[in-house]
Structure formats: structure tokens, C-alpha cells
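If you're matching positions, the sequence shown starts at 1 in the UniProt record's numbering and goes up one per residue.
Even glycine gets a Cβ: it sits at the ideal position worked out from N, Cα and C.
All values derive from a computational prediction rather than experimental measurement.
See structure below.
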Amino acid sequence: MEGRKVTGWAARDSSGILSPYSFNLRKTGPEDVVFKVLYCGVDHTDLHQVRNEIHMTTYPLVPGHEVVGEVIEVGPEVKKFGVGDVVGVGCMVGSCGECTRCKTNKEQYCNNMVFTYNAIYKDGSFTQGGFSSAMIVHQNYVVNIPEKLAPEQAAPLLCAGVTAYSPLKQFIGSKKAIKAGILGLGGVGHLGVLIAKAMGHHVTIISSSDKKREEALTDLGADCFLVSSNSAEMNKLKNSLDYILDTVPVNHQLQDYIPLLDVQGKILVVGAVPEPLQFSASGLILGGASISGSFIGSTQETQEILDFWVEKGLKTKIEVVKMDYVNKAFERMEKNDVRYRFVLDVAGSNLE
Ligand SMILES: NC(=O)c1ccc[n+]([C@@H]2O[C@H](COP(=O)([O-])OP(=O)(O)OC[C@H]3O[C@@H](n4cnc5c(N)ncnc54)[C@H](OP(=O)(O)O)[C@@H]3O)[C@@H](O)[C@H]2O)c1
Ligand SMILES: [Zn+2]
Ligand SMILES: [Zn+2]
């Protein structure tokens with residue numbers, strides 16, 4: 001059954017160009033939270049998706065999965081949220097709720113996890129994302145935006161932030177001083193730097209060019225900056241890092257980075273490179289290194305990173321733009337020309 005009519009910006013085909021599109025939300029169910037979208041971050045995954053690069057994309061597709069909104073209606077069984085609350089939604093809007101993964105707060109890995117957009121919801125409807133005037137989401141996948149956090153600041157934390165936070169949590173409480181590497185200084189990477197620093201790690205950024213060196217060392221507070229094509233710089237840091245958070249969205253050779261790891265160091269892959277990644281087995285074996293993947297974080301971890309941000313007094317580095325700039329924002333993100341996350345001012349764009 002159809003609920004309220006909303007206006008979003010949708011891609012119609014794999015050119016990935018977005019334009020206005022009207023559609024209906026589902027009718028409000030007992031545990032649903034309906035909110036007016038205030039801000040939405042622009043993630044590289046949105047670009048992969050509108051271009052049909054990583055999942056089979058169904059069009060028209062309204063992307064957006066770093067969504068902050070103000071609650072305008074709640075179903076009768078919603079206890080955690082009320083009208084007027086500022087809330088957030090990330091990459092997922094459903095999961096089975098019954099498997100071990102769901103029951104141990106790892107529902108992002110549930111085999112029946114429902115993506116915020118480009119997915120079929122439990123009732124058979126097609127999910128659409130936050131580049132839209134309003135959204136409806138089951139309360140279990142909604143988080144509270146802390147009062148002390150500006151909504152536009154919070155948006156990138158809902159995917160990029162928790163994506164960096166979740167794999168880095170394993171180092172909390174380590175007796176050893178942790179030496180971190182962050183590969184790729186974009187949306188996820190810059191939050192990775194801030195989180196790793198706030199966790200007390202010594203942070204080295206590994207970047208594809210020299211362009212971001214100065215601001216990375218001053219504004220983001222990184223300890224060290226390497227350009228991946230500079231072999232002299234790379235050699236100096238050989239065998240030094242405990243982990244490398246790999247956020248690069250395009251194909252690259254993992255074996256160029258494995259030598260930077262200390263013994264039994266870890267490559268933590270979060271970049272969703274469309275092609276298969278390659279590495280030399282001997283490089284991995286000889287250092288006892290491992291490569292692991294990580295996908296966003298649970299709803300609980302998403303709440304944790306928001307609270308962590310307030311507790312540590314961190315600041316997201318964003319560029320706020322209106323919805324009619326979104327195609328330009330994609331173009332600039334692809335050219336690696338954003339410091340470091342575009343956030344769409346959805347409510348200020350008068351979509352309806
Ligand atoms: N695992 C998950 O749950 C998850 C969650 C969110 C995003 N992702 C994925 O993580 C990746 C990064 O997302 P993002 O939003 O952070 O992307 P982004 O803002 O575009 O940043 C990517 C960074 O990678 C580096 N890079 C190196 N070569 C590049 C090239 N040829 N083109 C573009 N960038 C290049 C750039 O940093 P330098 O200038 O420093 O080289 C760039 O800033 C994407 O693949 C995205 O789909 C995964
Ligand atoms: Zn499940
Ligand atoms: Zn994302």
C-alpha cells in the first residue's frame with residue numbers, strides 16, 4: 001500500500017545522471033519512523049551504484065545512505081523516537097532479526113540485510129535513498145543524532161564514519177602503541193584519520209599525490225604522509241605499520257602496500273573496487289600478513305561513532321551543497337576534487 005508522495009533525485013540509467021523524480025513511500029507501519037530529510041552525504045558507493053558498477057542497479061534509483069532527518073510521524077509501536085527528533089540512517093534499512101549475525105549486533109552481515117536503496121524491502125517494495133524529501137525506515141535501523149552534533153556534521157558518520165570505526169575498534173585496548181596507515185584520503189579516509197588519531201594511533205596517510213599533504217598534516221593532524229608512487233618515501237616506512245585501512249575505490253596492487261606492514265599486520269579493505277583485487281601470495285606469507293574486509297557497521301556501532309564524535313570533539317570536513325549540484329558533486333568526487341565529503345542540503349533545496 002502506498003503512503004505519502006515524495007520527490008527525490010534519481011538516476012534513470014548507467015550514465016548516472018540524476019534528475020527530479022516523484023514516488024510514493026510505503027504506508028507507515030507500526031514500527032516505522034517517517035522523517036523529513038535534512039542532509040545527506042555523497043559517498044563514492046552512490047557513484048558506483050548509479051553507474052551499475054557493483055550491484056545490479058534497478059532504475060530509476062534514488063541514491064543516498066548518509067541520511068539525517070527530522071521525524072514527522074511514527075508508527076504506534078515506535079518507542080525510541082518521537083516527532084521532532086533528529087535521526088540518522090545509514091546503509092541498511094532491514095535484516096532478518098533472527099540469525100546469529102542479527103542477534104549478536106552484526107546485522108550488517110545478515111544474509112537478508114536490506115540496503116537503503118536499490119533493494120527489495122520485506123513488503124516487496126523497492127527501497128529508495130536519502131536524496132529525497134522524506135524517508136520511511138523501521139525503528140531498528142534508525143539512530144539518534146546527539147544534540148551537540150550539527151546534522152550536516154553527522155551525515156558522513158552514518159556510512160563513511162562507521163565504515164572506518166568498525167574495523168578500527170579491534171585495536172582499542174591494545175597494549176602496544178598502534179601504527180596506522182590510511183590508504184586514500186577521501187570521505188572514508190579522512191574520517192579514518194580522525195578516528196585513528198582519537199584512538200591514540202600514530203597515523204600515516206598513503207595518498208596518490210602530494211596535493212593533500214599540507215592540510216593532512218595540519219588540519220587532520222596526521223603524523224606522516226606518503227605518496228604511493230614515491231618509492232624512496234615508501235621504503236622508509238617498510239615493515240612499520242600495524243594496519244592499513246584501504247579506502248581506494250579503483251583497482252590497485254595490494255602488494256605495493258603489504259611491505260609497509262609490520263609482522264602480522266593487517267590490510268583492512270573497505271574500498272569497493274569493482275574489479276578483483278590482486279596480491280602476491282609470497283608477500284603475504286613472508287610477513288604473516290592478513291587481508292580482511294569490513295562492511296559499514298551495525299546500528300549499535302553507528303550510534304557509538306556519533307557519540308564518540310561528540311565525546312572527542314571531532315569535526316567532519318565537509319562541503320555543503322544544494323541538490324541541484326549533485327551531478328557536479330559526483331563529477332568532482334570522481335576527479336578526487338572534494339575536501340573531503342559533499343553533504344547535500346536536502347531540506348534547503350525545496351524539492352517539493
Ligand atoms: N566497506 C564499506 O562498508 C564501505 C562504506 C563506504 C564506502 N565504501 C567504499 O570505499 C571507497 C571509498 O569511498 P569514499 O566515499 O571515501 O570515496 P572518495 O571520497 O572518492 O575517496 C577515495 C579516495 O581514494 C583515493 N584514490 C586513489 N586513486 C583514486 C582514483 N583513481 N580515483 C579516485 N580516488 C582515488 C583518493 O585519495 P588520495 O587523494 O589520498 O589518493 C580519494 O580521495 C569506495 O569504493 C566506496 O564504495 C565502502
Ligand atoms: Zn539476520
Ligand atoms: Zn557508503
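Can you name, in chain order, every residue of its own chain whose Cβ lies under 7 Å from the Cβ of V37, other than the five neighbours on each side? V67, G69, G130, S132, S133, A134, M135, V346, A347
Quick one: residues in its chain with C-beta nearer than 6 Å to the C-beta of residue 363, no 5 flanking neighbours on either side, listed in chain order? Any answer about residue 363 is impossible in this case: the structure gives the chain only from 1 up to 352.
DSSP state of A134 mapped onto helix, strand, coil: strand
Let me confirm a value: S268 is counted as buried when at least 16 other C-beta atoms fall within 10 Å, else exposed. Which label applies? For clarity, residue 268 is Leu in the given sequence; the question names Ser instead. L268 comes out buried.
Selection from R12, N140, T163, Q278 that minimises the alpha carbon distance to C96: N140
Proximity below 8 Å, CB of L277 to CB of P146: no
Could you compute how far the alpha carbon of N118 sits from the alpha carbon of V270? Rounded to whole angstroms, N118 to V270 spans 20 Å at the Cα level.
Would you report the Cα separation of V326 and G287, rounded to the nearest angstrom? 44 Å
Taking 7 Å as the cut-off, does the CB of A155 come closer than this to any heavy atom belonging to ligand 3? no
Ligand 2 heavy atoms versus the CB of S15: any closer than 7 Å? no
Are there 16 or more other CB atoms within 10 angstroms of the CB of G124, so buried, or fewer, so exposed? exposed
Could you give the C-beta distance for S298 and K106, rounded to a whole number, given that I count them as a contact under 8 Å? 6 Å
In whole angstroms, give me the CA-to-CA distance for I120 and V250. 28 Å
With a threshold of 7 Å on Cβ separation, who are the neighbours of K238 within its own chain once the five nearest residues in sequence on each side are excluded? Excluding positions up to five away in sequence, the list reads P259, L260.
Cβ atoms of A232 and K266: under 8 Å apart, would you say? no
Helix, strand or coil at M92 [DSSP, three-state]: In the three-state reduction of the DSSP assignment, M92 falls in the strand class, which pools E and B.
Run of the alpha helix (DSSP H) containing A329, from where it starts to where it stops: 326 to 334
To which residues of the same chain is T58 closer than 8 Å at the C-beta, ignoring the five residues directly before and after it? N118, F126
Among G313, Q49, L254, which has the Cα closest to the Cα of L284? Comparing C-alpha distances from L284 to each of G313, Q49, L254 shows the shortest one belongs to L254.
How many Å lie between R332 and K317 at the Cα? 16 Å
Boundaries of the alpha helix (DSSP H) in which K197 is found, first to last residue: 187 to 198
Report yes if the CB atom of V71 is closer than 8 Å to the CB atom of V33, and no otherwise. yes
Please confirm whether any heavy atom of ligand 5 lies closer than 7 Å to the CB of N112. Looking for ligand 5 in the displayed structure turns up nothing; the ligands present are ligand 1, ligand 2 and ligand 3.
Member of G3, K5, Y39, V62 whose CA lies at the smallest distance from the CA of D13: Closest option to D13, Cα to Cα, is V62.
Can you check DSSP and say which residues form a bridge with Q253? Q278
With distances taken from each beta carbon to the nearest heavy atom of ligand 3, which residues come in below 5 Å, in chain order? D43, T45, C159
If you follow the alpha helix (DSSP H) that V50 is in, where does it begin and where does it stop? First-last of the alpha helix (DSSP H) with V50: 44 to 50.
Is it the case that the CB of V326 approaches a heavy atom of ligand 1 more closely than 7 Å? no
Around the Cβ of K328, are there at least 16 other Cβ atoms within 10 angstroms (buried) or fewer (exposed)? By the neighbour-count definition (other C-beta atoms within 10 Å, threshold 16), K328 is an exposed residue.
Would a C-beta distance cut-off of 8 Å place V338 and G41 closer than the cut-off? no
Ligand 1 and S231: does any heavy atom of the ligand fall closer than 7 Å to the residue's C-beta? no
Return the first residue and the last residue of the alpha helix (DSSP H) that K312 is part of. Taken as a continuous stretch (DSSP letters only), the alpha helix (DSSP H) holding K312 covers 299 to 312.
Span separating the alpha-carbon of V248 from that of H44: Each residue's Cα considered, the two are about 10 Å apart.
Three-state class that DSSP yields for R213 in the structure shown: helix
Outcome for V263 when other beta-carbon atoms lying within 10 angstroms are tallied against a minimum of 16: exposed
Nearest by alpha-carbon distance to V227: which of F23, Y257, S292, M199 is it? When each option's Cα is compared against that of V227, the closest is Y257.
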